[in-house]
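Residue numbers (the numbering used here), protein chains in the order written: chain P, 1 to 309; chain X, 310 to 564. The structure appears right after this line, and notes come after that.
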Ligand SMILES: Nc1ncnc2c1ncn2[C@@H]1O[C@H](COP(=O)(O)OP(=O)(O)OP(=O)(O)O)[C@@H](O)[C@H]1O
Ligand SMILES: [Mg+2]
């Protein structure tokens, strides 16, 4: 099976600045692929090259099996794209813009009527008759997502689709992307880790123009994430936390609520043997002890390093 | 192809629904409506307010005819409307790059060539319509005010100017594909106009090149002779070459 996106040793330079440095990326057909990276990592640059808006300095980029350098209307007909800041004709209404976008794909009247209705509904813009010029950023973002779907693309590329949205809007967009799983390949950039954790099956982490990790999300967490143990006691949590912190296998000790201690451990086996003994030695009531979930955030911070967040 | 048609429709609707519908047609209609009256009555008005000296001077000048009305129209076209065209179309391509709308269009099945050609085509037709309308009104107004109004001098003058105007839309298409700044493109456009006007003073160039169109509208409107066939043909050819160059230049740009 040909991958939906295949990037090989892609380098992009602006003058002396290397925005992308030998990037390799493979997005399998049907996957929801999260493209993570801090500000200035090169996410937008990558998407601009994938959509043919910018050209690679070096390397090859293939989209839906076609080299982007020679991609024509036929290839673009199968792609949906939302740029980081979508620009609309401000004199149009949302419906007019969707119809215009559909017209560019040559979509027939009947299908277009139907899709326009569905997508307006999806974007929450059904009853809004004002011109786009009067829209808020979030409304434009939602219309941007809707217009990217007008051609029912087999590859959907989105540059920070949730950045301008409130929590409800974010949830709607993520749910919608998730509902496309299996039918459409979704490739989206973000620096919001929770979004990626929620819907992506595969992740690539980009930093300073380089891919520092690319793998299925569980594998990535397992590979890079140190493990975590959560302990909850009825009393004496302060003293216990201090004692755990002094142990060689404890990398980091956090206190969540009053009596809960979250320990990041380097040796899970040693920790699971030692902690019950420490609790018992102090005669503390043990309410709970379990393996905590390692978040993508920690993986991200580990790989990308502090100071940027 | 469907992409091209849809984009042409968008560009046309945009003219009708934004400031564009007011500026060029408004300007042309205003000149067309007032021109014949001004040509007929300005000398009398000057005579009335200018005192005896001005009145004496005016006696030496022959009474205005319909050709003076045509000359007024040609003068407005060559001196004011052309400048407006240069300034308005300095951002024909670059404004869509700046607003980000070009990105949404060009990542769909619309080639950059189609984008550029559609714009040059729609706005040339728009200018043609506005000029034809303005010329019709001028013709009618002149007939009304002066009693007679032969068609030949007026229409040959207007059509030769239209070819010149379309040439400048093509020049501005290229400049706005090359430059991000509307003011920068307009500045260079005015420079090009100055060069062509100077070239228009040199006899051999006026015979075959578009430079022959720089002064032809004035000459023709005054009832004079000017061989404009060749300049119009070469102007049209040069316009096509300019639009093709604009498409090529736009292709090489990153958005
Ligand atoms: N047109 C350009 N000219 C010069 N430098 C550029 C250009 N576009 C991008 N860059 C540089 O390339 C690097 C990557 O930028 P890019 O916009 O791809 O980052 P990003 O990951 O999308 O960041 P953000 O999260 O802030 O959107 C940045 O250092 C930026 O300054
Ligand atoms: Mg970006």
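Here a beta-carbon is modelled for each residue, glycine too, at the ideal position from N, C-alpha and C.
Closer than 7 Å, Cβ to Cβ, to anything on chain X: give me those residues from the region 81 to 98 of chain P, in chain order.
-> 81, 83, 85, 86, 87, 88, 89, 91
Helix, strand or coil for residue 172 of chain P, going by three-state DSSP, please let me know.
-> helix
Which runs of the alpha helix (DSSP H) fall wholly inside the region 322 to 393 of chain X and span at least 4 residues, in chain order?
-> 329 to 358, 360 to 369, 375 to 385
Could you work out which residue in X/550, X/393, X/531, X/315 is closest to residue 99 of chain P when comparing CA atoms only?
-> X/315
Neighbouring residues, chain X, relative to residue 109 of chain P (Cβ below 7 Å) | Residues of chain X passing the Cβ test: none, with the nearest at roughly 12 Å.
Are at least three pairs of beta-carbons, each pair with one atom in the region 129 to 139 of chain P and one in the region 397 to 412 of chain X, less than 8 Å apart?
-> no
So what's residue 21 of chain P in DSSP terms, helix, strand or just coil?
-> strand
C-alpha distance - residue 109 of chain P paired with residue 119 of chain P, whole-angstrom precision = 15 Å
Hey, is residue 397 of chain P's beta-carbon within less than 7 Å of any beta-carbon in chain X?
-> Any property of residue 397 of chain P remains undetermined from this structure, which presents chain P solely from 1 to 309.
At a Cβ threshold of 7 Å, is residue 564 of chain X touching chain P?
-> yes
So does residue 12 of chain P have its beta carbon nearer than 6 Å to some heavy atom of ligand 2?
-> no
Alpha carbon to alpha carbon, how far is residue 256 of chain P from residue 245 of chain P? Give it in angstroms, no decimals.
-> 15 Å
What are the partner residues of residue 264 of chain P, as DSSP defines its beta bridges?
-> P/228, P/252
Could you name the residues that DSSP lists as bridge partners for residue 189 of chain P?
-> P/35, P/159
When DSSP builds the beta bridges, which residues end up paired with residue 233 of chain P?
-> P/286
Secondary structure at residue 206 of chain P, three-state DSSP: helix, strand or coil?
-> strand
Interfacial residues, the region 365 to 391 of chain X to chain P, with Cβ spacing under 8 Å = none
Whose CB is closer than 7 Å to a heavy atom of ligand 2? List the residues in chain order.
-> P/43, P/44, P/84, P/159, P/160, P/189
Quick one: what's got a C-beta closer than 7 Å to residue 181 of chain P's C-beta in the same chain, skipping five residues either side?
-> 32
Checking contacts by CB at 7 Å: is residue 412 of chain X closer than that to chain P?
-> yes
Looking at the C-beta of residue 186 of chain P, does it have a partner C-beta in chain X at a distance below 7 Å?
-> no
Note down, in chain order, each residue of its chain lying with its Cβ closer than 8 Å to the Cβ of residue 307 of chain P, except the 5 sequence neighbours on either side.
-> Since pLDDT at residue 307 of chain P reaches only 45, below the 50 mark, its modelled position is unreliable, and no value is offered.
Straight-line Cα distance separating residue 270 of chain P from residue 319 of chain P = Chain P is shown from 1 up to 309; residue 319 of chain P falls before or after that span and cannot be answered.
Answer with yes or no whether the minimum CB distance from residue 327 of chain X to chain P is below 7 Å.
-> yes
Residue 27 of chain P and residue 5 of chain P look like a contact to me (Cβ under 8 Å); what is the Cβ gap, rounded to whole Å?
-> 4 Å
Using a threshold of 7 Å, state whether the C-beta atoms of residue 412 of chain X and residue 153 of chain P are closer than that.
-> no
With a CB to CB cut of under 6 Å and the five nearest residues on each side skipped, what residues in its chain are close to residue 309 of chain P?
-> With a pLDDT of 36 at residue 309 of chain P, under the threshold of 50, the predicted position of this residue should be treated as unreliable, though the coordinate-derived value follows. Excluding residues within five positions, none has a Cβ falling inside 6 Å.
Beta-carbon proximity list for residue 58 of chain P, same chain, < 6 Å, skipping 5 on both sides = 11
Please report the residue range of the beta strand (DSSP E) in which residue 14 of chain P lies.
-> 5 to 14
Return the CA-CA distance between residue 482 of chain X and residue 475 of chain X, expressed in angstroms with no decimal places.
-> 10 Å
Taking only the alpha-carbon atoms, compute the straight-line gap between residue 166 of chain P and residue 133 of chain P and give it to the nearest angstrom.
-> 20 Å
Please specify which runs of the alpha helix (DSSP H), each continuous and at least 4 residues long, are wholly inside the region 94 to 126 of chain P, giving them in chain order.
-> 94 to 104, 109 to 122
Interface flag, residue 422 of chain X vs chain P, CB-CB below 7 Å = no
Boundaries of the beta strand (DSSP E) in which residue 60 of chain P is found, first to last residue = 58 to 63
Comparing the CB of residue 41 of chain P with every heavy atom of ligand 1, is any distance shorter than 6 Å?
-> yes
How is residue 426 of chain X classed by DSSP in three states: helix, strand or coil?
-> helix
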